[in-house]
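Participant: Please see the structure below; I have some questions.
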Amino acid sequence: MTTHREMIKKFGFWHQSLILIEEMSELTKELIKSKRRNEIEQRIASEELIEELVDVEIVLEQLKETIIEREDRKKIYLKYREMKLNRIKKLLEE
Ligand SMILES: [Mg+2]
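Just so you know, the sequence shown maps onto residues 1 to 94 in our numbering.
Dropping the structure here:
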């Protein structure tokens, strides 16, 4: 069992969903601070911003593994991922 699956098994999907919401709000706060300090434009992302980015990624990966665990759900996930990435590519070609 992966570490992500173990976390969901130990704490539960909905508990980790609340953790994701909490982590997203922490990332939001750091993004706003970075914008205020013009850090992104200067390519000097703060350590706090990077830490919150990692927190969101990890919890999102945990939920994602559960959400698309079944093969048929994974197919839907991949369909939308491809569709949306293609839309972005087209937008960039305009
Ligand atoms: Mg955090």
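Using N, Cα and C, we set each Cβ at its ideal position, and we do this for glycine too.
Quick caveat: nothing in here was measured; it's all calculated off a predicted structure.
(1) Could you check what DSSP says for Glu51 in three-state terms: helix, strand or coil?
(2) CB-CB under 8 Å to Glu22, same chain, minus the five flanking residues each way: which ones, in chain order?
(3) Can you list every residue whose CB sits closer than 6 Å to some heavy atom of ligand 1, going in chain order?
(4) What residue from Met24, Arg5, Leu91 has the CA that sits closest to Ile50's CA?
(5) Would you check if the stretch 50 to 70 and the stretch 1 to 21 touch, i.e. whether three or more CB-CB distances between them fall below 8 Å?
(6) Pick helix, strand or coil for Met1, following the three-state DSSP scheme.
(7) Quick one: Cα of Leu53 to Cα of Leu27, how far?
Facilitator: Quick answer:
(1) helix
(2) none
(3) Glu23, Glu26, Glu52, Asp55
(4) Met24
(5) yes
(6) coil
(7) 6 Å
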